[in-house]
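Residue numbers (the working numbering), protein chains in the order written: chain A, 1 to 330; chain B, 1 to 330. Ideal Cβ placement from N, Cα and C applies to all residues, glycine included. None of these values were measured; they are calculated from a predicted model. All remarks here apply to the structure that follows.
See below:
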């Protein structure tokens, strides 16, 4: 096992990024800022322009995170032939379309062409490693490394081993993402949507219901979240929160006093909305009211700045996490 | 209407806090720190000791929030007779047990004994104002002011009018909580659990499921949340997040490209766990592993400090919100 107490990027001189979309560009920017050479493989003719424009867009956030962005593109290259692209790399992070057959084809080529020591990870949010690796000679080498978008900013990476992924691969992936300044979390079981997207999806379902029912507008609901549960869950997750909300007896006391009532009265009453025409019309109209005054790009940049402010306060920016031993987070 | 652009606490010289439990003490501490006299009404014989001990416990957090706590108890008094307690107050915040008949009895007494100008609010998390006010001569005076626990720390107060609550009462409640440094949000419709608890409950259901299924432990799930959706939702709520995650087309584009897949594949697959013996045993054992090393009180104090660090970074502590015009939050 390669697991070390303080993982470094030393073993990762060169990375292949397969697929230069939003996720691929974000990974590329983060790797380049951390001094790793990046070769981008993407069949699109205008991929160089797209990636360079994307890097320009995320450079301010990388700089805000305390990473050097002076000459990001110095270590960047492009290679349209997949086998050539992955020859000589130390890690492959694949961000192709979410289609099983296409991913299998990509990974069969990578398996043959990449060095035997290369770490092989897919950013997929929906396809289990087991399904992709079924097409490989050495399924133990492939692991899911699913970032929470965008990877250069949000700390979480869900590391999801397939049935045949080796423990060594899992540990190497964990170390690699840790060295990149991310917060990898290894899941114990493959589950559609993994964890973060399932949780997000469960909550969003109720959000859509409450807006469709006219209880609140989108903007009002967002304000409720940022001023209560969002604020809470940024420093303590749901279990810790309810452990602390249960009195001196902690979570077991919470379950007895409030959890059983939640199961009986609240869970069956949760909404089952649908994106029917009326709901979509309401959601669209309110989104325009709430967010229509500025471009998505400008709003995203504003949100990212606030995000970094918060991460800095919690000592969770990459420059802090590299050295901090007394983070503010509970 | 009493609604003013910058509401102040000037009209609120004296408050009655009915019920001196955790919520009542938290309201009392916040009011006292903001210079409002507080009379606590609670039938328990040892209520004075309980409240004073509770105030000592939250004083450090109030001080961290930038509020004066030098002589909190100077404005504090106790009155076991409800009618006497509410005579001469400017606002009543009731935090009694969640039993409809008891609340009706309390509020009938308050309605007769409190001054005609007093703002009347109940902290209830589960009983609609309409149901309580049905017992009152002037139902237009009562409104729900449901804090997210603990009220002295978490900004949200859900202001939920009953069918007969007057607009004037709603506006006065909004102004009162704003002047207290809270972030009141007026709901447009009564709904069991209001909004924040419904959302929390929807997400927690999936949390329990994923732990019961062995996909992650409680601690791992908490870390996933704090390093992804919690961090996100502290600065931008779910609708804004998906508006920004949908590409240049915003939320409508998100719904078409990802929302419909979420409805089709994810929502029906969400878990339906139950607090059966096996699940409770798992949750209890993991809570002990994750949180058992320290007392609930110490962990809560640590969490509250992290919370205040985050609020200060976002300029959302009471001293900041009173003056800031350029908050960092998106």
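Within its own chain, the residues whose Cβ lies closer than 6 Å to the Cβ of residue 241 of chain A, once the five positions on either side in sequence are excluded, are 232, listed in chain order.
For residue 222 of chain A, the chain B residues whose C-beta falls within less than 8 Å of its own C-beta are 236, 237, 238, 239, 240, listed in chain order. As computed with DSSP, residue 122 of chain A is found in a beta bridge with A/94, A/144. In this structure, residue 16 of chain A sits near residue 86 of chain A, with a CB-CB distance shorter than 9 Å. Sequence-ordered contacts of the region 148-178 of chain B with chain A read 148, 149, 154, 155, 156, 158 [C-beta pairs closer than 8 Å]. Between residue 252 of chain A and chain B, the shortest Cβ-Cβ separation is below 9 Å. Residue burial annotation: residue 198 of chain B is buried, with at least 16 other C-beta atoms found within 10 angstroms of its C-beta. The secondary-structure analysis by DSSP pairs residue 16 of chain A across a beta bridge with A/39, A/92. For chain A, the residues of the region 255-267 of chain B that bring a beta carbon within less than 9 Å of one of its beta carbons are 255, 256, 259, 260, 261, 262, 263, 265, 266, 267, in chain order. Residue 71 of chain B is outside the set of residues whose beta carbon lies under 9 Å from a beta carbon in chain A.
C-alpha of residue 252 of chain B to C-alpha of residue 295 of chain A: approximately 14 Å in a straight line. Cβ proximity to chain B below 9 Å picks out 194, 195, 196, 197, 198, 199, 200, 201, 202, 203, 204, 205, 206, 207, 208, 209, 210, 211 from the region 194-212 of chain A.
Every beta strand (DSSP E) of 3 residues or more that sits fully in the region 183-209 of chain A is shown, in chain order, as 183-186.
In the three-state reduction of the DSSP assignment, residue 154 of chain A falls in the coil class. Assigned with DSSP and collapsed to three states, residue 86 of chain A falls in helix. One alpha carbon belongs to residue 159 of chain A, the other to residue 297 of chain B, and they sit about 33 Å apart. DSSP, reduced to helix, strand and coil, places residue 314 of chain B outside both helices and strands of the structure shown, so it counts as coil. For residue 98 of chain A, the closest alpha carbon among the candidates A/90, A/123, A/109 is that of A/123. Closer than 9 Å to the CB of residue 272 of chain B there is at least one CB belonging to chain A. Within 8 Å of the CB of residue 30 of chain A, no CB atom of chain B is found; the nearest one sits about 15 Å away. In terms of Cα proximity to residue 5 of chain A, the closest of A/116, A/52, A/174, A/83 is A/174.
For residue 275 of chain B, there is no enclosing beta strand (DSSP E), since its DSSP letter is neither H nor E. Counting other Cβ atoms within 10 Å of its Cβ, residue 103 of chain A reaches 16 or more and is therefore classed as buried. The alpha-carbon separation between residue 307 of chain B and residue 89 of chain A amounts to approximately 42 Å. Sixteen is the threshold: when 16 or more other Cβ atoms of the shown chains lie within 10 Å of the Cβ of residue 182 of chain A, as they do, the residue is buried. Excluding its 5 nearest sequence neighbours in each direction, residue 63 of chain B has C-beta neighbours in its own chain below 8 Å: 69, listed in chain order. For residue 282 of chain A, no chain B residue has a Cβ inside 9 Å of its Cβ, as the nearest lies near 11 Å away. Residue 286 of chain B and residue 310 of chain B have their C-alpha atoms roughly 27 Å apart. Put simply, of A/25, A/39, A/80 the residue whose alpha carbon is nearest the alpha carbon of residue 56 of chain A is A/25.
Interface criterion not met: the Cβ of residue 27 of chain B is under 9 Å from no Cβ in chain A.
Here residue 258 of chain B carries a helix assignment [DSSP, helix/strand/coil].
Between residue 295 of chain B and chain A, the shortest Cβ-Cβ separation is below 9 Å. In the three-state reduction of the DSSP assignment, residue 11 of chain A falls in the coil class.
Residue pairing by DSSP places residue 78 of chain B opposite B/40 in a beta bridge.
Judged by beta-carbon spacing, residue 20 of chain B lies within the 9 Å limit of residue 54 of chain B, meaning their Cβ atoms are closer than that value.
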